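Structure, as C-alpha cells:
Residue numbers (the UniProt record's numbering): 1 to 226.
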C-alpha cells in the first residue's frame with residue numbers, strides 16, 4: 001500500500017509540522033511523511049493570493065511520487081495513537097472525512113454558490129465536512145479521484161478565495177452568511193454533490209484544549225491552534 005501523510009506549513013506553523021512528524025514516529029507510523037515549508041517547492045501560489053491552494057499542490061506532489069493513499073493533516077494536528085482506524089476507514093470507503101457541525105450556507109459567498117449551482121436555501125441543508133485539515137483520499141477509488149478533480153478545479157477557478165467574515169455584506173447580503181471557508185467550503189459542496197458521507201465530528205480527529213470536552217477514546221489524532 002503506497003501510503004503517505006502530507007503537510008505544508010510555513011512561518012510559525014513549521015513548529016507544528018515538526019511536532020506532527022515526531023508524533024507519527026512515536027505511534028509507529030511506517031509509511032512516508034512528506035512535508036514542505038515553501039510554496040515554490042510544490043509549485044503553489046502563495047497563501048495570500050490563493051488561500052489553501054497549497055493543499056492541492058501537496059496532494060499532487062504525493063501523487064507524482066507514486067503514492068495513492070494520502071492523508072492530509074494540518075500542522076495543528078498530531079498523532080496520539082496508531083493510525084490504524086484511519087487506514088481501515090480509507091480501505092473501506094476510499095476516503096475519510098469528518099463532519100464539522102456547520103452548514104455550507106453559513107460559510108459560502110454568493111459567488112461560490114453560483115459557481116456550484118446551489119441556492120442559499122439549498123446550501124443551508126448541506127453539512128460541511130469538517131476539519132479541512134484532516135482528509136484522506138484513496139486515488140484508486142473513482143469517487144475519491146473525482147472529488148479531488150473537482151476540488152482542484154474549484155481552486156484553479158478562484159473559488160478558494162474570499163474573506164473569513166461577511167463584514168459590510170462583502171460576500172453576501174443574506175444575513176445567514178457569516179463569511180467563507182475557502183477550500184473547506186468548496187470541498188464540502190463537492191462532497192455533498194457526490195453524495196459522499198463523513199464520520200461524525202469528534203471521532204478520529206478531535207480538537208482539544210480549554211473550550212473542548214474530554215476527547216473520545218476513538219480519537220487517534222488531536223488538534224490545537226498554534
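All residues carry an ideal CB built from backbone N, CA and C; glycine is no exception. Since this is a predicted model, take the numbers as computed values, not measurements.
| Query | Result |
| --- | --- |
| Between the Cα of residue 211 and the Cα atoms of 205, 224, 199 and 127, which residue gives the shortest distance? | 224 |
| Considering just the uninterrupted stretch of the alpha helix (DSSP H) at residue 10, what are its terminal residues? | Per DSSP, residue 10 belongs to no alpha helix (DSSP H) and is neither H nor E. |
| Can you give the beta carbon distance from residue 219 to residue 129, rounded, assuming they're within the 8 Å contact cut? | Actually they are not in contact, since the Cβ atoms of residue 219 and residue 129 sit about 17 Å apart, beyond 8 Å. |
| To the nearest angstrom, how far is it from the Cα of residue 8 to the Cα of residue 66? | 18 Å |
| Where do the ends of the beta strand (DSSP E) carrying residue 134 lie? | 134-138 |
| Helix, strand or coil: how does DSSP classify residue 47 here? | coil |
| Can you tell me which of 100, 85, 38 and 168 puts its alpha carbon nearest to the alpha carbon of residue 217? | 85 |
| So, helix, strand or coil for residue 117, using DSSP? | coil |
| Could you tell me which residues DSSP puts in a beta bridge with residue 3? | 69 |
| If you follow the beta strand (DSSP E) that residue 34 is in, where does it begin and where does it stop? | 32-36 |
| Under the rule that 16 or more other beta-carbon atoms within 10 Å means buried, what is residue 51, buried or exposed? | buried |
| Can you tell which of 48, 75 and 42 has the C-alpha that lies nearest to the C-alpha of residue 14? | 75 |
| Residues in its own chain within less than 6 Å of residue 34 by CB, not counting five upstream and five downstream? | 4, 6 and 62 |
| Helix, strand or coil: how does DSSP classify residue 77 here? | strand |
| May I ask which residues mark the beginning and end of the beta strand (DSSP E) holding residue 205? | 205-207 |
| For residue 149, does the count of other Cβ atoms within 10 angstroms reach 16, so buried, or fall short, so exposed? | exposed |
| Helix, strand or coil for residue 223, going by three-state DSSP, please let me know. | strand |
| Count the other CB atoms within 10 Å of the CB of residue 169; is the residue buried (16 or more) or exposed (fewer)? | exposed |
| Whose CA, out of 10, 174, 99 and 193, lies closest to the CA of residue 115? | 193 |
| Along the alpha helix (DSSP H) that carries residue 24, what are the first and last residues, could you check? | 14-26 |
| So what does DSSP say about residue 194, is it helix, strand or coil? | coil |
| Would you mind stating whether residue 208 and residue 199 have Cβ atoms separated by less than 7 Å? | no |
| Under 8 Å by Cβ, that's how I've got residue 165 and residue 172 pegged, so tell me the actual separation to the nearest angstrom. | Not really, about 11 Å apart at Cβ, beyond 8 Å. |
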